[in-house]
Amino acid sequence: MNEVMLEVIELTTKYITRYNEDVYAVDHVSLKVEAGKSLGIAGESGCGKSTLALSLMGYYFAPLHYTSGEIIIDGKNISGMDPDVVRKTILGTEISYIPQAAMNALNPTRKIINFIEDVYQAHDEYKTKKEIYELAGEVCTILGLPLEVLQKYPVELSGGMKQRTVIAVSVILYPKILIADEPSSALDVTSQKMVIKMLKDLMKDGFIKSMIFITHELPLLYNVTDDIMVMYAGQIVEKASAKDAVFDPLHPYSKGLMGSIIVPESGLRDVKLAAIPGVPPNLKNPPPGCRFAPRCKYNRNECAANVNIRNLEGGRAYRCVLSENELRDYYLKEADQNARK
Amino acid sequence: MLENKEIILSAKGLTKVFGFGRTRTLAVDHVDLDLYKGEVVSIVGESGSGKTTIAKLLLGLINITEGDIYFLGKKRDISSRKKRKEYWKNIQAIFQDPYSSYNIFHKIDAVLLDCIRLRGGGKLPKEKKVELMEEACRFVNLKFAELTNKYPFELSGGQMQRLMIARIFLLKPKILLADEPTSMIDACSRATILDMLMQLRNEIGMTIIFITHDIGLAYYVSDKVFIMEHGKIVESGTADAVILTPREPYTRRLISDVPKIYEEWDLSTV
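Chains A and B are the protein sequences, given in the same order.
When we follow our numbering, the leftmost residue of the first sequence carries the number 54, and every step to the right adds one.
When we follow our numbering, the leftmost residue of the second sequence carries the number 14, and every step to the right adds one.
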């Protein structure tokens, strides 16, 4: 077994709205990422993917608040630490984050190299401008970015280039874990491929030890990550290897999610595109028990009670009252009916 | 698959130029299109390839620089406001951003009543109008009783996009132009929207033009696919022929850049 880079135990965080209501966007989430592995997080918009990312970094600024649970990064417990201390000592060196809108993450009035100088200075590493330039140049060469980028303003770069620059800046201090939050959702397919290749190379070249990749685009997730975790309404509903999660999902929600995949391949024509009826619950007052129950086809009385995660062999887990065999029986029957139509 | 091979809309040498002098850009470059009745076609291309400009030209929202558009065999005439309204009875659109597609001062009933009026139902008794609106909302799985007296911004993105389809259901146009109808909504609601559009196509024999950058979506829904590059159509044909056996290097590159799940996704060709 590999070294565990990130361990999260029963993490719960909440937003406090201006009417003083508690919204639990991340609810008892546990996960483990080993060195050399990448974890994907999938789910609808509003299911708590991005909040989980912020919570993992210990980035608790109002209205986000830490409630309970533990975050252990490479043996160091950061839960309950002051966000300002976290920013100084953890962010950038231990864990790093690529935001969704990288286009807006750069200061339009300053050159990229000034931005990189800021990053070094914020971490108390006193270096001369020349040293910083050399270090930044080194990183750029490894990552395949042209050196001219450093002397440019953000407006002079294309969207894909900006995103790749942001990735380069975020790994410049060699963090152990990189969290990529929808890094390619604003890009066209060609730039997306470049960004994905860069992230994969980062892992391969040992710049980062592990990666957490967040997206709602499942074909992409399948190609990038080793394991996939499906989130629904702030909870984890399924955890499995990428292959199992896409081709053999167990939880009814994951099943629906995987049924919505569209790819330009001949295999697609035989698959019926499935839709999940209804909308996700409001997290201000989530339904008791299984949160997916109101939208679920296999809804039954037991779903209203507290539903625990079932752990299977080989690291798989899912949250449902039905057993593995019962679920598989249902899916087989359904596939049979579809085929007959 | 189509027994009725009637051309409903066609464009000959369609060209649009923006700006002049140094900033002159050729957005659409001598495009020829033939759309048959009841067909679903997709226009696919990267950002900036001129997809949306074609949509606007076909809708008559911007002036044509050069070339002609023929509707039902006759040259399209939208020179006056009245003629334009007449044309829009036959061609309707769904846009990418549901949040900016509605007049924020109009309630949802007003949006739907407008459609009934455009179909010539302005003089119908009130009960009949409500019945029509209820039917339209039922078609898209919305509850009309919950929508009355609400403004569009009180709905979610998916609901707004479905309301857009309810409008199309009331108007029953001959052609529907869908400009990235699912790119701003969740992958799970995407299937619902697509199913509804396909059902409409089957019920009223509508021609649908999808404008999208999502090749998977184009492959899934359409009979025919047009690939655009820099304002030109570089490849066209049936969905299977274009997507599975692309001939042009541009199409091949575009398809190889999309993440795959059944085949290996080759990352080395960046």
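All C-beta atoms, glycine included, are put in the ideal place defined by N, C-alpha and C.
These numbers were taken from a predicted model, which means no experiment stands behind them.
Between which two residues does the alpha helix (DSSP H) containing residue i stretch?
i               : result
F168 of chain A : 165 to 175
T205 of chain B : 200 to 217
D270 of chain B : Element bounds for D270 of chain B: n/a, residue is neither H nor E.
E159 of chain B : 157 to 160
K85 of chain A  : K85 of chain A -> not in any alpha helix (DSSP H); beta strand (DSSP E) instead, spanning 75 to 87.
Q245 of chain A : 242 to 257
M173 of chain B : 170 to 184
M58 of chain A  : M58 of chain A -> not in any alpha helix (DSSP H); beta strand (DSSP E) instead, spanning 57 to 69.
L196 of chain A : 182 to 196
A95 of chain A  : No alpha helix (DSSP H) contains A95 of chain A, which is instead part of the beta strand (DSSP E) from 91 to 95.
For a contact defined as C-beta to C-beta under 7 Å, what are the partners of residue i on chain B?
i               : result
R309 of chain A : The sequence given here has Gly at residue 309 of chain A, not Arg. Result: C201.
N276 of chain A : P272, W278
K253 of chain A : L280
V299 of chain A : I274
Counting only beta-carbon atoms, is residue i nearer than 8 Å to chain A?
i               : result
K268 of chain B : Rather than Lys, the amino acid found at residue 268 of chain B in this sequence is Ile. Interface residue, yes.
M14 of chain B  : The predicted model places M14 of chain B with a pLDDT of 46, which falls under 50 and marks its position as unreliable, so this point remains unresolved.
H243 of chain B : no
Y112 of chain B : no
K139 of chain B : no
Y263 of chain B : no
H226 of chain B : yes
Y164 of chain B : no
Y233 of chain B : yes
L160 of chain B : no
Taking Cβ-Cβ distances shorter than 9 Å, what residues in chain B pair up with residue i?
i               : result
T243 of chain A : E59, R266, L267, D270, V283
K246 of chain A : S269, D270, V271, P272, W278, L280, T282, V283
Is there a C-beta anywhere in chain B that falls below 8 Å from the one on residue i?
i               : result
M339 of chain A : Correcting the residue type first, residue 339 of chain A is Pro in the shown sequence and not Met. Chain B contact via Cβ: absent.
A328 of chain A : yes
E318 of chain A : yes
E97 of chain A  : yes
S294 of chain A : no
Y285 of chain A : no
P272 of chain A : yes
H269 of chain A : yes
K250 of chain A : yes
What residue range is occupied by the uninterrupted beta strand (DSSP E) comprising residue i?
i               : result
I129 of chain B : It is not in any beta strand (DSSP E) - I129 of chain B instead sits in the alpha helix (DSSP H) that spans 121 to 131.
D253 of chain B : Here D253 of chain B belongs to no beta strand (DSSP E), and DSSP marks it neither H nor E.
I131 of chain A : It is not in any beta strand (DSSP E) - I131 of chain A carries neither H nor E in the DSSP assignment.
S398 of chain A : This structure cannot settle anything about residue 398 of chain A, because the visible part of chain A is limited to 54 through 394.
A370 of chain A : 370 to 372
M197 of chain B : Element bounds for M197 of chain B: n/a, residue is neither H nor E.
T282 of chain B : Unbroken run through T282 of chain B: none, as it is neither H nor E.
So residue i contacts chain A; which residues on that side make the cut at Cβ distance below 9 Å?
i               : result
S169 of chain B : V332
L257 of chain B : P317, E318, S319
Which residues in chain A sit within 7 Å of residue i, going by Cβ to Cβ distance?
i               : result
L230 of chain B : I315
At what residue ranges does the stretch 22 to 91 of chain B contain a whole run of the beta strand (DSSP E), taking only runs of 3 or more? 38 to 49, 53 to 58, 79 to 84
Which residues, taken in chain order from the stretch 176 to 210 of chain B, show a beta carbon closer than 8 Å to some beta carbon of chain D? The structure shown contains no chain D; its protein chains are A and B.
Within the stretch 261 to 331 of chain A, note down every full alpha helix (DSSP H) run reaching 4 residues or more, in order along the chain. 271 to 277, 295 to 300, 305 to 311
How about the stretch 275 to 286 of chain A and the stretch 259 to 277 of chain B: do they share at least three Cβ pairs that are nearer than 8 Å? yes
Are there three or more Cβ pairs, one per stretch, closer than 8 Å when the stretch 304 to 313 of chain A is compared with the stretch 199 to 206 of chain B? yes
Is it the case that the stretch 282 to 295 of chain A contacts the stretch 226 to 245 of chain B, given that we only count it when at least three CB pairs across the two stretches are under 8 Å? no
Stretch-stretch touch, CB-based, cutoff 8 Å, three pairs: the stretch 205 to 219 of chain B with the stretch 24 to 42 of chain B: no
Does the stretch 193 to 206 of chain A come close enough to the stretch 113 to 124 of chain A to have 3 or more Cβ pairs within less than 8 Å? no
contact_flag[the stretch 214 to 234 of chain A, the stretch 142 to 154 of chain A] where n(CB pairs < 8 Å) is 3 or more: yes
State whether the stretch 251 to 259 of chain B contacts the stretch 231 to 239 of chain B, with contact taken as three or more CB pairs (one from each stretch) at a distance under 8 Å. yes
Is it a yes or a no for the stretch 151 to 162 of chain B touching the stretch 120 to 134 of chain B, going by three-plus beta-carbon pairs under 8 Å? yes
Which ranges does the beta strand (DSSP E) cover as unbroken runs of at least 3 residues, wholly within the stretch 345 to 392 of chain A, from first to last along the chain? 362 to 364, 370 to 372
Runs of 4 residues minimum, wholly inside the stretch 218 to 264 of chain B: which ones carry the alpha helix (DSSP H) assignment? 228 to 234
Would the stretch 359 to 371 of chain A and the stretch 97 to 104 of chain A be scored as touching if the rule is three or more Cβ pairs under 8 Å? no
Pair every Cβ in the stretch 83 to 90 of chain A with every Cβ in the stretch 57 to 69 of chain A, then say whether three or more of these pairs are closer than 8 Å. yes
Below 8 Å, can you find three or more Cβ-Cβ pairs linking the stretch 152 to 160 of chain A to the stretch 205 to 223 of chain A? yes
Would you check if there are 3 or more beta carbon pairs closer than 8 Å linking the stretch 233 to 250 of chain A to the stretch 55 to 70 of chain B? yes
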